[in-house]
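Below is one structure; the comments refer to it alone.
In our numbering, the protein residues as written are 141 to 477.
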């Protein structure tokens with residue numbers, strides 16, 4: 141494992157936690173709102189970074205189709221089922237009517253049982269297309285890679301953003317519109333481009349300073365346009381936080397490029413240990429934020445949000461890591477963490 145990738149995975153995981161911790165102050169204008177907007181804008185590259193790491197790790201490999209699906213889905217399906225059941229239990233424990241076991245199965249098959257688990261469902265679809273995308277990546281030129289990425293960026297990000305801003309008077313979402321219904325460019329929609337972008341950058345010479353500059357610029361621009369658009373609509377709007385927003389794509393590109401510009405090497409024992417726990421940390425951190433820390437008055441909603449957003453996130457990350465690390469000492473539990 142490359143030290144740069146391990147560190148990037150850890151950073152992205154912490155960014156997810158900081159995003160969810162700080163977001164509690166976003167939905168109403170007030171003295172805490174700017175802190176939420178700042179941290180949310182700074183961390184929106186988190187999940188795209190995860191997708192890009194997957195692309196870099198998978199598209200250059202050469203393995204049999206059966207081997208690929210067995211390894212990938214053994215990696216993602218057990219955690220998806222376990223954590224879906226865990227959060228259904230948590231909801232039921234807190235008085236939400238869930239129904240019998242048949243209803244549990246239907247709910248899990250229908251979509252995420254807790255909002256952050258959407259990422260695991262997204263991986264199912266992305267992993268399904270990897271064998272085809274891998275053949276394209278391995279048997280095409282750098283120019284063809286770039287052409288695919290640019291077309292994806294235009295179709296999945298730029299065009300839907302422009303159309304939404306022109307036609308939607310509310311805080312809406314990105315839609316392919318005519319590009320899907322008329323021109324059938326659906327192959328270039330969704331998160332598939334992040335896989336190719338991650339592999340493309342990993343095979344390039346990264347620049348730490350250039351990458352950080354792009355990341356900081358796009359994050360600052362996200363913060364600014366979020367404020368302006370929210371003011372225009374008369375209330376907080378997360379439109380520019382969408383993971384396919386052009387500025388979020390730019391921030392993810394910048395951060396990934398920055399890490400690839402670092403010196404490669406073997407990760408230390410603890411960096412590797414934390415990196416191995418990031419999936420489990422991602423899955424459990426929502427449980428840590430609400431009933432564990434918030435119930436003990438450790439929250440971004442209390443005190444100075446510029447400080448408490450960070451301190452709460454550090455506490456949540458540390459506690460989640462300790463718990464997942466202990467669980468992973470039991471070998472069968474590594475399949476769900």
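By construction, the Cβ of each residue, glycine as well, lies at the ideal position given by its N, Cα and C atoms. A quick note: this is a predicted structure, and the numbers were derived from the prediction, not measured.
* Return the CA-CA distance between residue 214 and residue 248, expressed in angstroms with no decimal places. => Reading the chain shown from its first residue, position 74 is the one you call residue 214. Reading the chain shown from its first residue, position 108 is the one you call residue 248. Their backbone Cα atoms lie some 17 Å apart in a straight line.
* **Option nearest residue 146 by Cα separation, candidates 460, 399 and 437** => In the chain shown, counting from the first residue as 1, residue 146 sits at position 6. That would be 399, whose Cα lies nearest to the Cα of residue 146.
* **Alpha carbon of residue 467 to alpha carbon of residue 243, nearest angstrom** => As a first step, residue 467 must be located in the chain shown, where it is residue number 327. As a first step, residue 243 must be located in the chain shown, where it is residue number 103. C-alpha separation (whole angstroms): 28 Å.
* Pairwise C-alpha distance: residue 189 and residue 148 -> Here residue 148 refers to the residue found at position 8 when the chain shown is read from its first residue. Here residue 189 refers to the residue found at position 49 when the chain shown is read from its first residue. Spanning the two alpha carbons is a distance of roughly 8 Å.
* Is residue 142 helix, strand or coil by DSSP? -> Within the chain shown, residue 142 is the residue found at index 2, counting from 1. Coil, per DSSP.
* **Contact between the stretch 343-363 and the stretch 394-409 (3+ Cβ pairs under 8 Å)** => yes
* Going by CA-CA distance only, name the one from 144, 212, 316 and 459 that's closest to residue 303. => Indexing the chain shown from 1 puts residue 303 at position 163. Considering only alpha carbons, the answer is 316.
* How do the stretch 159-167 and the stretch 439-453 stand: do at least 3 beta-carbon pairs fall below 8 Å, yes or no? -> yes
* Asked: Helix, strand or coil for residue 336 per DSSP?
  -> Translated into positions along the chain shown, residue 336 becomes position 196. Correct three-state label for residue 336: helix.
* To do: Give the straight-line distance between the Cα atoms of residue 436 and residue 175, rounded to the nearest whole angstrom.
  => Residue mapping note: residue 436 aligns to position 296 of the chain shown, counting from 1. Residue mapping note: residue 175 aligns to position 35 of the chain shown, counting from 1. In this structure, the straight-line span from the alpha carbon of residue 436 to that of residue 175 is close to 22 Å.
* If you draw a straight line from the alpha carbon of residue 470 to that of residue 273, how long is it in whole angstroms? -> Against the chain shown, residue 470 aligns to sequence position 330. Against the chain shown, residue 273 aligns to sequence position 133. So the two alpha carbons sit approximately 35 Å from each other.
* Asked: If you pair each beta-carbon of the stretch 367-374 with each one of the stretch 400-415, do three or more pairs fall below 8 Å?
  -> no
* Put residue 166 into one of helix, strand or coil per three-state DSSP. => In the chain shown, the residue the question calls residue 166 occupies position 26. Of the three classes helix, strand and coil, the one that applies to residue 166 here is coil, per DSSP.
* To do: Helix, strand or coil for residue 284, going by three-state DSSP, please let me know.
  => Numbered from its first residue, the chain shown carries residue 284 at position 144. Residue 284 falls in the helix class under three-state DSSP.
* Asked: Is there contact between the stretch 224-236 and the stretch 249-267, where contact requires at least three CB pairs shorter than 8 Å?
  -> yes
* Asked: Run through DSSP, which three-state label would residue 148 get?
  -> Taking the first residue of the chain shown as 1, we reach residue 148 at position 8. Residue 148 falls in the helix class under three-state DSSP.
* Going by Cα to Cα distance, which pick from 216, 284 and 233 is closest to residue 258? -> Position 118 of the chain shown, counted from the first residue, corresponds to residue 258. When only C-alpha atoms are compared, the closest one is 216.
* Give me the Cα-Cα distance between residue 305 and residue 155, rounded to the nearest whole angstrom. => Position 165 of the chain shown holds residue 305. Position 15 of the chain shown holds residue 155. If you take the alpha carbons of residue 305 and residue 155, they lie about 27 Å apart.
* Count the other CB atoms within 10 Å of the CB of residue 292; is the residue buried (16 or more) or exposed (fewer)? -> Stepping through the chain shown from its first residue, residue 292 is reached at position 152. It is buried - the Cβ of residue 292 has at least 16 other Cβ atoms within 10 Å.
* Three CB pairs or more closer than 8 Å across the stretch 337-345 and the stretch 308-328 -> no
* Asked: For residue 428, does the three-state DSSP call read helix, strand or coil?
  -> Taking the first residue of the chain shown as 1, we reach residue 428 at position 288. Helix, per DSSP.
* **Close-in-space but distant-in-sequence residues of the same chain around residue 151 (CB under 6 Å, 5 per side omitted)** => Along the chain shown, one-based indexing puts residue 151 at 11. So the list is empty, once near-sequence residues are dropped.
* Assign residue 241 to one of two classes, buried (16 or more other C-beta atoms within 10 Å of its C-beta) or exposed (fewer than that). => Locating residue 241 in the chain shown gives position 101, counting from the first residue. Flag for residue 241 reads exposed.
* Relative to the C-alpha of residue 472, which residue among 340, 222, 362 and 394 is closest? -> In the chain shown, counting from the first residue as 1, residue 472 sits at position 332. Residue 222 is the option with its Cα nearest to residue 472.
* Terminal residues of the continuous alpha helix (DSSP H) containing residue 90? -> As shown, the chain starts at 141 and ends at 477. That puts residue 90 outside it, with no answer to give.
* Can the beta-carbon of residue 130 be found less than 8 Å from the beta-carbon of residue 366? -> It is not possible to answer for residue 130, since the shown part of the chain is limited to 141 through 477.
* Asked: Start and end of the alpha helix (DSSP H) containing residue 252?
  -> Residue 252 sits at position 112 when you count from the first residue of the chain shown. Segment: none, residue 252 is in no alpha helix (DSSP H) and carries neither H nor E.
* Integer Cβ distance of residue 424 from residue 476, believed to fall under 8 Å -> Counted from its first residue, the chain shown places residue 424 at position 284. Counted from its first residue, the chain shown places residue 476 at position 336. No, residue 424 and residue 476 are not in contact; Cβ-Cβ is about 10 Å, not under 8 Å.
* Of all the options 297, 442 and 420, which has the alpha carbon lying nearest to the alpha carbon of residue 385? -> Within the chain shown, residue 385 is the residue found at index 245, counting from 1. Of the candidates 297, 442 and 420, the one whose C-alpha sits nearest the C-alpha of residue 385 is 297.
* Asked: What is the rounded straight-line gap between the Cα of residue 187 and the Cα of residue 383?
  -> Within the chain shown, the letter at position 47 stands for residue 187. Within the chain shown, the letter at position 243 stands for residue 383. Going from the Cα of residue 187 to the Cα of residue 383 covers about 8 Å.
* Asked: Is the beta carbon of residue 419 sitting closer than 8 Å to the one on residue 218?
  -> Within the chain shown, numbered from 1, the residue matching residue 419 stands at position 279. Within the chain shown, numbered from 1, the residue matching residue 218 stands at position 78. With respect to the 8 Å criterion, residue 419 and residue 218 are not classified as neighbours on the basis of their beta carbons.
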